[in-house]
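Keeping their order, the protein sequence lines are chains A and B.
If you're matching positions, the first sequence starts at 287 in this note's numbering and goes up one per residue.
If you're matching positions, the second sequence starts at 287 in this note's numbering and goes up one per residue.
Note that CB positions come from ideal geometry on N, CA and C, so glycine has one too.
Some notes on the structure that comes next.
Number of protein chains: 2
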Amino acid sequence: MKLAVLGAGAVGRSVAELAGDYGHTVTALADSSGAVVDADGIDVDAVLAAKEADGTVGSARPETALEAEYDALIEATPTTLGDAEPGFGHVEAALERDRHVVLANKGPVAERYADVRALERESAGEVLFEATVGGAMPVLSTIDDFDPEHITAARGVLNGTANFILSRMAAEGLGYEHVLAEAQDLGVAEADPTFDVEGTDAALKCVIVANVLAGERREYTLDDATVEGISSIPGSALELAQEDGRTIRLIGEVADGDVRVGPRLVPENAALSVSGTRNIVQLETEHAGRLNISGRGAGGPETASAVLADVGRLPEA
Amino acid sequence: MKLAVLGAGAVGRSVAELAGDYGHTVTALADSSGAVVDADGIDVDAVLAAKEADGTVGSARPETALEAEYDALIEATPTTLGDAEPGFGHVEAALERDRHVVLANKGPVAERYADVRALERESAGEVLFEATVGGAMPVLSTIDDFDPEHITAARGVLNGTANFILSRMAAEGLGYEHVLAEAQDLGVAEADPTFDVEGTDAALKCVIVANVLAGERREYTLDDATVEGISSIPGSALELAQEDGRTIRLIGEVADGDVRVGPRLVPENAALSVSGTRNIVQLETEHAGRLNISGRGAGGPETASAVLADVGRLPEA
Numbered sequence: 287m288k289l290a291v292l293g294a295g296a297v298g299r300s301v302a303e304l305a306g307d308y309g310h311t312v313t314a315l316a317d318s319s320g321a322v323v324d325a326d327g328i329d330v331d332a333v334l335a336a337k338e339a340d341g342t343v344g345s346a347r348p349e350t351a352l353e354a355e356y357d358a359l360i361e362a363t364p365t366t367l368g369d370a371e372p373g374f375g376h377v378e379a380a381l382e383r384d385r386h387v388v389l390a391n392k393g394p395v396a397e398r399y400a401d402v403r404a405l406e407r408e409s410a411g412e413v414l415f416e417a418t419v420g421g422a423m424p425v426l427s428t429i430d431d432f433d434p435e436h437i438t439a440a441r442g443v444l445n446g447t448a449n450f451i452l453s454r455m456a457a458e459g460l461g462y463e464h465v466l467a468e469a470q471d472l473g474v475a476e477a478d479p480t481f482d483v484e485g486t487d488a489a490l491k492c493v494i495v496a497n498v499l500a501g502e503r504r505e506y507t508l509d510d511a512t513v514e515g516i517s518s519i520p521g522s523a524l525e526l527a528q529e530d531g532r533t534i535r536l537i538g539e540v541a542d543g544d545v546r547v548g549p550r551l552v553p554e555n556a557a558l559s560v561s562g563t564r565n566i567v568q569l570e571t572e573h574a575g576r577l578n579i580s581g582r583g584a585g586g587p588e589t590a591s592a593v594l595a596d597v598g599r600l601p602e603a
Numbered sequence: 287m288k289l290a291v292l293g294a295g296a297v298g299r300s301v302a303e304l305a306g307d308y309g310h311t312v313t314a315l316a317d318s319s320g321a322v323v324d325a326d327g328i329d330v331d332a333v334l335a336a337k338e339a340d341g342t343v344g345s346a347r348p349e350t351a352l353e354a355e356y357d358a359l360i361e362a363t364p365t366t367l368g369d370a371e372p373g374f375g376h377v378e379a380a381l382e383r384d385r386h387v388v389l390a391n392k393g394p395v396a397e398r399y400a401d402v403r404a405l406e407r408e409s410a411g412e413v414l415f416e417a418t419v420g421g422a423m424p425v426l427s428t429i430d431d432f433d434p435e436h437i438t439a440a441r442g443v444l445n446g447t448a449n450f451i452l453s454r455m456a457a458e459g460l461g462y463e464h465v466l467a468e469a470q471d472l473g474v475a476e477a478d479p480t481f482d483v484e485g486t487d488a489a490l491k492c493v494i495v496a497n498v499l500a501g502e503r504r505e506y507t508l509d510d511a512t513v514e515g516i517s518s519i520p521g522s523a524l525e526l527a528q529e530d531g532r533t534i535r536l537i538g539e540v541a542d543g544d545v546r547v548g549p550r551l552v553p554e555n556a557a558l559s560v561s562g563t564r565n566i567v568q569l570e571t572e573h574a575g576r577l578n579i580s581g582r583g584a585g586g587p588e589t590a591s592a593v594l595a596d597v598g599r600l601p602e603a
């Protein structure tokens, strides 16, 4: 397939780099600074090297990527809340041209799910978004396989930064601020870690899962989620938990129509107490018991793998 | 879709019972004793009640199910080795009619993979077999999503009976024969447990994974697998392992072109040391690290869920 990639951060770059391995051609790559477009396929390595050198993807206006020749638009610009723009507008532009969309950007399906589905119904294009929940883990495709109607609940550890911090606090007996600084040094936490440590990122993923499970019955946005982060957990709470064979994890849960994210006590040897930056999702199925899926929940090549798996599921034009 | 179900054991019965929930119609159900066929849909509950009462599925010859009207043939007869008959013949009959086939029977894809693929190439029908590896766990669909070319190894616990026995031996300090008898009482082990405890069942699943990973490059059969079971493991070996923070699991592995099944030492708190009848598969991916998938590896509704997920993936006629 011909792919137009919007966003040249870790995920967009990895999609562009790996697309050829999966038999696809990248016809456009853009970020907010510029774009490169070539209907026969751009020279990905050269474009990324140039971006490395001078900071811009190309000299064309970013919007030219939206007008390029492509079968699927890969939306990998940063997640935004509220109206989910400019990501939502990109989705709209592609669907109006009857093209497919694969999202790594959580905004459109977390904040405007019904609008996305309405546009999709009017289009010959399809919208897939496996990469928005749990990076490399096949969460949404597994829900789709089992049929959302037959999944009764989902829960899990959906933010690697928060999990790294809690794992380190428990393992080393260190305080939150100390471990956060360490995580920032390692590149595991952002300079402004709010999105991860206050539970917003995990909540967006849960909201997306809730939307998929609810189908047409109800639309969820971040406003429907009850969210509590980890920044006020004292080291002593982890010590107390350990004395009892338990630990604390930031758990997101979709059950009984509610979306909740917050610190929870879990047994130290339970599947949910994954370590470091790993993520896990548990799906409760009606007929097949509990399924656990764990893996890397973030990262450029990891998330790009999920994007390319979605591309592989799209019907050829 | 219209489904013809061959085999009325736990899996075939569950497929027939759940098919309606997933929007499908069962047009035929057969076992070796007889068949019921109705192009408008059989009355599954009545047929299964009658089988419960008098032991036969119906008065028609079993072969009439193969000649019935259907979009997909569900092959859920017992797994056989060598020529994989009669399962293989059923696959052949369906594909020659340009119908799809969904296998729960491991024989055709473990023992005659190249023959199945050759028949599929000549047919408008497709062959899917998620249910043959790990019951409810989405193993083959995940391999397909990531593309077999980008999976470097697979390993896991693929037999619930053997895992139950090893878990109980370790937890209770009991010997193999004692725990086997207990497992037989509970219905977790068959009267003749050879297939499970000698590693054959796990090896067949690994051979199927090896065939999928190798694609057209090489065909694997059970003869290519190095297999060792658990029946000669003394309780003392588990005790020694425990003193060292480890335990013993029957691990199947596909790596570097080899298929191996045998007892292995694994850390007690490692993902691979699942308890009881649970299964786990680890996939090593080229770009996305390690993925773990765990869940119920056997059981009627569990395996039927995988069969129906495959049916959902088939293109409509």
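In the structure shown, residue 314(A) falls within a strand segment according to DSSP collapsed to helix, strand and coil. Look at the region 398 to 424 of chain A: the residues with a C-beta under 9 angstroms from a C-beta of chain B are 416, 421, 422, 423 and 424. Contact annotation: in the region 423 to 454 of chain B, residues whose CB is within less than 7 angstroms of a CB in chain A are 423, 424, 427, 428, 431, 432 and 433. Residue pairing from DSSP places residue 553(A) in a beta bridge opposite 532(A).
Comparing alpha-carbon positions, the option among 447(B), 304(B) and 355(B) lying closest to residue 334(B) turns out to be 304(B). DSSP places residue 443(A) in no alpha helix (DSSP H) but in the uninterrupted beta strand (DSSP E) bounded by 437 to 443.
Within the region 308 to 326 of chain A, the residues whose Cβ lies closer than 7 angstroms to any Cβ of chain B are, in chain order, 308. Across the region 574 to 589 of chain A, CB contacts with chain B closer than 7 angstroms involve 574, 575, 576, 577, 578, 579, 580, 581, 582, 587 and 588, in sequence order along the chain. Interface residue (Cβ-Cβ distance to chain A less than 8 angstroms): residue 305(B) is not classified as such. Contact annotation: in the region 541 to 556 of chain A, residues whose CB is within less than 7 angstroms of a CB in chain B are 555. Taking a beta-carbon distance threshold of 8 angstroms, residue 368(B) does not count as an interface residue toward chain A.
Contact check between the region 501 to 518 of chain A and the region 541 to 551 of chain A: three or more CB pairs, one atom from each, fall below 8 angstroms, which counts as touching. By the 16-neighbour rule on beta-carbons within 10 angstroms, residue 503(B) is exposed. Interface flag for residue 595(B) against chain A is set, since a Cβ pair is found closer than 8 angstroms. Secondary structure at residue 497(B): helix, using DSSP grouped into helix, strand and coil. In this chain, the beta strand (DSSP E) harbouring residue 288(B) covers 288 to 292. Residue environment analysis places residue 398(A) among the buried positions, since at least 16 neighbouring C-beta atoms fall within 10 angstroms of its C-beta. Within the DSSP secondary-structure output, residue 568(A) pairs in a beta bridge with 441(A) and 578(A). The beta carbon of residue 527(B) lies closer than 7 angstroms to those of 533, 534 and 551 in the same chain, with the five residues before and after it left out. Around the Cβ of residue 555(A), a 10 Å sphere holds fewer than 16 other Cβ atoms; the residue is exposed.
Counting of Cβ neighbours within 10 angstroms places residue 585(B) among the buried residues, the total reaching 16 or more. From the beta-carbon of residue 531(A), no residue of chain B is found nearer than 7 angstroms; the closest lies around 12 angstroms away. For residue 483(A), the CB contacts under 6 angstroms within the same chain, skipping 5 residues up- and downstream, are 448, 515, 516 and 517 in chain order. Following the DSSP letters along the chain, one finds residue 402(A) inside the alpha helix (DSSP H) bounded by residues 399 to 407. Taking all protein chains in view, the Cβ of residue 522(A) is surrounded by fewer than 16 other Cβ atoms within 10 Å, so the residue is classified as exposed. Shown here for residue 590(A): same chain residues with a beta carbon closer than 7 angstroms to its own, the five before and five after excluded, namely 297, 300, 301 and 304 in chain order. The region 414 to 425 of chain B makes contact with the region 561 to 576 of chain B, as at least three CB pairs between them are under 8 angstroms. Between residue 553(B) and residue 583(B), the C-beta spacing is not below 8 angstroms.
By the neighbour-count definition (other C-beta atoms within 10 Å, threshold 16), residue 313(A) is a buried residue. If you compare the alpha carbons of 415(B), 316(B), 409(B) and 580(B) with that of residue 342(B), the shortest gap goes to 316(B).
Proximity of chain A to residue 591(B) at the Cβ level (cut-off 8 angstroms) is accounted for by 432, 436, 571, 573 and 574, in chain order. Inter-residue distance for residue 414(A) and residue 594(A) is about 11 angstroms (C-alpha atoms, whole angstroms).
With fewer than 16 other beta carbons inside 10 angstroms of its own, residue 404(B) counts as exposed. Flagged as an interface residue toward chain A: residue 598(B), by a C-beta distance shorter than 8 angstroms.
When secondary structure is reduced to three states using DSSP, residue 594(A) falls in the helix class.
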